[in-house]
Amino acid sequence: MQRRFQQFVLLGIGLTAIIEALAWFYIPADLLWAELLATDGYAAVIDGGLPLYVLLLTTRLLIMFGLLTFHPAARTLFLLFAIVSVGMSIFLGYRVFAPIEAPFVMLVTMIDGVILALAYYSPASNEFRNQET
-11 MQRRFQQFVL LGIGLTAIIE ALAWFYIPAD LLWAELLATD GYAAVIDGGL
39 PLYVLLLTTR LLIMFGLLTF HPAARTLFLL FAIVSVGMSI FLGYRVFAPI
89 EAPFVMLVTM IDGVILALAY YSPASNEFRN QET
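Position 77 of the sequence shown, counted from 1, bears residue number 65 in this note's numbering, the numbering being contiguous throughout.
In structure tokens:
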């Protein structure tokens, strides 16, 4: 089960890399729709821009590498990161996905759920406890 858990974590890392690559290659040239929605009350409350984006991405990748090595704090940090990400998404404003990017975003969301379930409710969870002792 530990190997299966690591495979899902690697899949999550790979899909995250694909999403980030697609985001940089398919940035829309015309942000008219985003500007219209922002003026209609959908603007970001938390406007961190690129530094916040890089911080969140780096944090996610570091936590996922911790999950790969069964670091004792990694699963708790992953759970907290998921909760904070969902909470922050309410305040980050409108986000446009390229059509090719959207399926990968949904897959990452599902993979994150599988990782959380395996990290807490499978025999792989014992690996995190074994590292603590």
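Even for Gly, the Cβ is constructed at its ideal location relative to N, Cα and C.
These numbers were taken from a predicted model, which means no experiment stands behind them.
Can you tell me whether residue i is buried or exposed? The criterion is at least 16 other CB atoms within 10 Å of its CB, across all chains shown.
{"i": "Leu43", "result": "exposed"}
{"i": "Ala61", "result": "exposed"}
{"i": "Leu(-2)", "result": "exposed"}
{"i": "Arg63", "result": "buried"}
{"i": "Ala112", "result": "buried"}
{"i": "Gly75", "result": "exposed"}
{"i": "Phe(-7)", "result": "buried"}
{"i": "Ala9", "result": "exposed"}
In this structure, how does DSSP classify residue i when only helix, strand and coil are distinguished?
{"i": "Ala107", "result": "helix"}
{"i": "Leu3", "result": "helix"}
{"i": "Ala61", "result": "coil"}
When the Cα atoms are used, what is the spatial distance from residue i to residue j?
{"i": "Leu67", "j": "Leu3", "result": "19 Å"}
{"i": "Ile7", "j": "Pro87", "result": "11 Å"}
{"i": "Gln(-10)", "j": "Ser110", "result": "9 Å"}
{"i": "Ser73", "j": "Glu115", "result": "26 Å"}
{"i": "Phe79", "j": "Gly0", "result": "24 Å"}
{"i": "Ala11", "j": "Tyr108", "result": "31 Å"}
{"i": "Leu49", "j": "Tyr41", "result": "12 Å"}
Contact defined as beta carbons within less than 8 Å: I believe residue i pairs with residue j. What is the distance between those atoms, to the nearest angstrom?
{"i": "Phe13", "j": "Val102", "result": "So it is not a contact: roughly 27 Å between Cβ atoms."}
{"i": "Ile51", "j": "Leu65", "result": "5 Å"}
{"i": "Leu104", "j": "Ala70", "result": "7 Å"}
Validate contact between the region 90 to 97 and the region 47 to 62 using beta carbons, cut 8 Å, 3 pairs: no
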